[in-house]
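Step one of this worksheet: look at the structure below.
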Amino acid sequence: MKNKIIAIIPARGGSKRLPFKNTLSLGGIPLLAHSIKYALAQQEIDVVYVSTDDEKIKEIALDYGALVIDRPKALSGDLEPTISTLQHVLHELNDATIETVVLLQPTNPLRPKTLFKEAFFQYKKEVSTSVFTVSRNHDKLGKIINKAFVPYNYQPGQRSQDLEPLYYENGLLYITKASVIKGGEIITADAVPIIVDHSFAKVDIDTQADFDYALYIWNTLILNP
Numbered sequence: 003m004k005n006k007i008i009a010i011i012p013a014r015g016g017s018k019r020l021p022f023k024n025t026l027s028l029g030g031i032p033l034l035a036h037s038i039k040y041a042l043a044q045q046e047i048d049v050v051y052v053s054t055d056d057e058k059i060k061e062i063a064l065d066y067g068a069l070v071i072d073r074p075k076a077l078s079g080d081l082e083p084t085i086s087t088l089q090h091v092l093h094e095l096n097d098a099t100i101e102t103v104v105l106l107q108p109t110n111p112l113r114p115k116t117l118f119k120e121a122f123f124q125y126k127k128e129v130s131t132s133v134f135t136v137s138r139n140h141d142k143l144g145k146i147i148n149k150a151f152v153p154y155n156y157q158p159g160q161r162s163q164d165l166e167p168l169y170y171e172n173g174l175l176y177i178t179k180a181s182v183i184k185g186g187e188i189i190t191a192d193a194v195p196i197i198v199d200h201s202f203a204k205v206d207i208d209t210q211a212d213f214d215y216a217l218y219i220w221n222t223l224i225l226n227p
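So for the sequence shown, the numbering used here puts the first residue at 3; every next one is plus one.
Structure below.
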């Protein structure tokens, strides 16, 4: 198979702020399972891999239809960047037919159903080396310089709806050339941002408060839309 597209879901076992977060139940299934099911539902994705150092996570991944790449302890620390995990998976697979990598983070379990197809269309249309999702920030931001607050994206007294548009990387989805990852990048200089205006974009689970918010979104937008 040429031009293979794979999904990689990095899911380590350790988490200081929210222990065992990737195995917590959201909507009746483990947090990790949401990203696995999302990836498996995309016809364009050929294989789904979970990279983990944890036996419980490995068991969940296999139960939900993913393949597992055992992650060494050296790549499982709190400060280890995601790019190292992606490079390790590609190195272990050693498959020259892999052209594209879809990165799904288990801590972003909720994604609009059509998001992948829209992002993948832009990825192919723009002939870009990577695309990633962003959302607009509606806060009044500034810097503290010499103990003074200096507005960054607004003028004092300006209405919130008139702010200069600023965007943040929401973590929902990344699509990148495998060659780019091997070279040490996920988001390239020519990366195409995909704007997501949806409540799901605010769900990024690292703390108990984040998880409680995810439960709220699940109960209000999915169970009782």
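Beta carbons are placed, not taken as given, at the ideal position from N, Cα and C, and that holds for glycine.
Computed from a predicted structure; not experimentally measured.
Under the three-state reduction of DSSP, V182 is assigned to helix. Under the three-state reduction of DSSP output, Y154 falls in the coil class, being neither helix nor strand. Of the candidates Y176, V198, H140 and I177, the residue whose Cα lies closest to the Cα of Q160 is H140. Taking each of A203, I100 and A68 in turn and checking the Cα distance to L112, the smallest one comes out for A203. Here S27 is exposed, its C-beta having fewer than 16 other C-beta atoms within 10 Å. In this chain, the beta strand (DSSP E) harbouring E101 covers I100 to L105. In the three-state reduction of the DSSP assignment, K149 falls in the coil class.
Put simply, the backbone Cα of G16 is about 12 Å away from that of R73. Counting C-beta atoms within 10 angstroms of its own C-beta, F151 has fewer than 16 neighbours from the protein chains shown and is therefore classed as exposed. The alpha-carbon separation between L117 and L77 amounts to approximately 30 Å.
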